[in-house]
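Novice: Residues -19 to -1, 1 to 301 in mature numbering (1 follows the signal peptide of the UniProt record, and there is no 0) are what the sequence shown lists, from first letter to last.
Every residue gets a Cβ at the ideal spot worked out from N, C-alpha and C, and that includes glycine.
Just so you know, these numbers come straight off a predicted model, no measurement behind them.
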Amino acid sequence: MFKLSLVLVFLIAFSGIDASPIKYHNPSCSGNMSATDVDLVHFAMNLEFTEAEFFLKASTGKGLDAFNATLAKGGPPPIGAKKANLDPITNRIIEEFGYQEIGHLRAIADMTGGIPRPLLNLTRENFAVFMDRAVGRRSNPRFDPYANSLNYLLASYYIPYVGLTGYVGAIPYLVYFNIKRLVAGLLGVESGQDGVIRTLLYERQNEKVEEYGGVTVAELTNEISNLRNELGMCGIKDEGLFVPLWLGAENRTTSNILSANPYSFSYDRTPQEILRVMYGTGNERRPGGFWPCGANGRIARMFLDERYHGNYDACSDGKN
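(1) Check whether the stretch 170 to 182 touches the stretch 74 to 87, counting contact only when three or more Cβ pairs, one atom from each stretch, lie closer than 8 Å.
(2) Roughly how many angstroms separate the alpha carbons of residue 241 and residue 213, rounded to a whole number?
(3) Does the stretch 151 to 167 come close enough to the stretch 10 to 25 to have 3 or more Cβ pairs within less than 8 Å?
(4) Which same chain residues end up closer than 7 Å to residue 93 when comparing Cβ atoms and leaving out the 5 residues on each side of it in sequence?
(5) By Cβ distance, which residues of its chain are closer than 6 Å to residue 96, with the 5 residues on each side in sequence left out?
(6) Hey, could you find the ends of the alpha helix (DSSP H) residue 230 is sitting in?
(7) Can you tell me whether DSSP reads residue 210 as helix, strand or coil?
(8) Per DSSP, what are the beta-bridge partners of residue 189 in this structure?
(9) Leaving out five residues on either side along the sequence, give the residues of the same chain with a beta carbon under 6 Å from the beta carbon of residue 2.
(10) Taking the Cβ atom as the reference point for each residue, do residue 150 and residue 219 lie within a distance shorter than 8 Å?
(11) Shortest alpha-carbon distance to residue 132 belongs to which of 117, 182, 177, 154?
(12) Could you give the DSSP three-state label for residue 282: helix, strand or coil?
(13) Can you name the residues that DSSP bridges to residue 223?
(14) Which one or two residues does DSSP pair with residue 102 in a beta bridge?
(15) Could you tell me the alpha carbon to alpha carbon distance between residue 259 and residue 169, rounded to whole angstroms?
(16) Answer yes if the stretch 190 to 198 comes into contact with the stretch 227 to 247, meaning at least three C-beta pairs across the two stretches below 8 Å, and no otherwise.
(17) Please classify residue 157 as buried or exposed, where buried requires at least 16 other C-beta atoms within 10 Å of its C-beta.
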């Protein structure tokens, strides 16, 4: 536990480390890898854990362990998550989302056994690093996702959509009926959550985000999507609330409440792309960002560079 405490202090003190330039490598955009159905849903649990902790703590003031102490399987509690200053309607929506994430984790664990919760960095400093990077300048005052409903929705814009694209990317490689049914059910609710978040932001599209001066909500969503495309390194997989006409549905609209490809299909992402986006490093072998000690499960650990194994072991207190 002493090693774990030291690492947590380091992570909190240096949460801005992900602002360093992306070190480009030769990224793979193929989802064809040596992975079983169980491996793929275990990988998805990293995102489900992230959403559960972020939604539950913000809406109820309590994390996952307060509702179900067994699902984390000994993984460390998140750092930085706290009750958000949400209006009653937003709070009710996010609370429901949090309970849904418990169900998702429970379903995966019941069917596959699950994986330990990874260390999650849900500090306001970490969110500020990602937002600043998207906009291209430091926020003033510092961006705080827990300060108000608008900031929280903007922060939420970053996470659930990544899980949605991951499920879309995994489905073609699944073999067994029961896992396909599981992932289809998970995808349906994840898509709904993303649609609700985007709609709530769309209603406030012209509001100015105080921390970034004249930047509107719509502009900031575009910048966040651009950042995720940059980090993912596999082309357009992400779109903000407004797009050029050539990217709109049937090239007839610039509004973009649901992000979709030219056939109005959901975009897909591979595990490698998701790691690049959630690590914030653009490199699936270099952890950071929301998963500072690396994601869990065989797929994530397969990509983790050996030089980071020591840091991971310290973070997890020696548990894999």
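Specialist: Working from what's here:
(1) Touching, yes.
(2) In the sequence shown, counting from the first residue as 1, residue 241 sits at position 260. In the sequence shown, counting from the first residue as 1, residue 213 sits at position 232. Their backbone Cα atoms lie some 16 Å apart in a straight line.
(3) Per the Cβ contact rule, the stretch 151 to 167 is in contact with the stretch 10 to 25 (3 or more Cβ pairs under 8 Å).
(4) As a first step, residue 93 must be located in the sequence shown, where it is residue number 112. Contacts found: 19, 22, 23.
(5) As a working mapping, residue 96 is identified with position 115 in the sequence shown. Excluding positions up to five away in sequence, the list reads 23, 26, 277, 278.
(6) Taking the sequence shown and counting its residues from 1, one reaches residue 230 at position 249. In this chain, residue 230 is not harboured by any alpha helix (DSSP H), its DSSP state being neither H nor E.
(7) Stepping through the sequence shown from its first residue, residue 210 is reached at position 229. Looking at residue 210 - three-state DSSP - the assignment turns out to be helix.
(8) The residue given as residue 189 occupies position 208 in the sequence shown. Paired residues: 197.
(9) As a working note, residue 2 is residue 21 in the sequence shown. Reliability of the predicted coordinates at residue 2 is poor, the pLDDT of 44 falling under 50, and the value obtained from them is presented with this limitation in mind. Within the same chain, residue 2 has no close Cβ partners at all.
(10) As a working mapping, residue 150 is identified with position 169 in the sequence shown. As a working mapping, residue 219 is identified with position 238 in the sequence shown. Against a cut-off of 8 Å, the Cβ pair of residue 219 and residue 150 comes out as no contact.
(11) Reading the sequence shown from its first residue, position 151 is the one you call residue 132. Measuring from the Cα of residue 132, the nearest candidate turns out to be 182.
(12) The count along the sequence shown starts at 1 and reaches residue 282 at position 301. For residue 282, the three-state secondary structure derived from DSSP is helix.
(13) Position 242 of the sequence shown, counting from 1, holds the residue named residue 223. Beta-bridge partners assigned by DSSP to residue 223: 236.
(14) In the sequence shown, residue 102 corresponds to position 121, counting from 1. The partner list for residue 102 (beta bridge, DSSP) reads 60.
(15) Locating residue 259 in the sequence shown gives position 278, where the first residue counts as 1. Locating residue 169 in the sequence shown gives position 188, where the first residue counts as 1. One C-alpha to the other measures close to 22 Å.
(16) The stretch 227 to 247 makes no contact with the stretch 190 to 198; the number of CB pairs closer than 8 Å stays below 3.
(17) Stepping through the sequence shown from its first residue, residue 157 is reached at position 176. A residue is called buried once 16 or more other Cβ atoms fall within 10 Å of its Cβ, and residue 157, having fewer, is exposed.
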